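Residue numbers (the working numbering): 8 to 76.
Cβ atoms here follow ideal geometry from the backbone N, Cα and C, with glycine treated the same way.
All values derive from a computational prediction rather than experimental measurement.
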């Protein structure tokens, strides 16, 4: 399965999960995973990042169109 992030930075993201970080357990970690690494927390952070990225791309396109005219 592809796990690269090349598609995110080419203005081609189309879903919140493109921004979700995955939890990878270090071999030295013991006990349950931290609360911030459960799906609801990751999803909430990804939704915020997705909204910011969409707004940024929109603003960049508007600025680019203003420079052309």
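Integer-rounded CB distance, given that residue j should sit under 8 Å from residue i
| i | j | result |
| --- | --- | --- |
| residue 26 | residue 56 | 4 Å |
Cα-Cα separation between residue i and residue j, rounded to whole angstroms
| i | j | result |
| --- | --- | --- |
| residue 38 | residue 74 | 55 Å |
| residue 42 | residue 64 | 31 Å |
| residue 48 | residue 58 | 16 Å |
| residue 50 | residue 40 | 16 Å |
| residue 76 | residue 66 | 16 Å |
| residue 35 | residue 69 | 48 Å |
Proximity winner among the options, relative to residue i (alpha-carbon distances)
| i | options | result |
| --- | --- | --- |
| residue 6 | 68, 67, 54 and 28 | This structure leaves residue 6 out entirely; the chain is present only between 8 and 76. |
| residue 22 | 61, 48, 34 and 33 | 61 |
Chain-order list of residues whose beta-carbon lies under 8 Å from that of residue i (same chain, five-residue window excluded)
| i | result |
| --- | --- |
| residue 31 | none |
| residue 24 | 53 |
Distance cut-off 8 Å: residue i Cβ against heavy atoms of the ligand GDP
| i | result |
| --- | --- |
| residue 22 | Among the components modelled here there is no ligand, and therefore nothing to report on the ligand GDP. |
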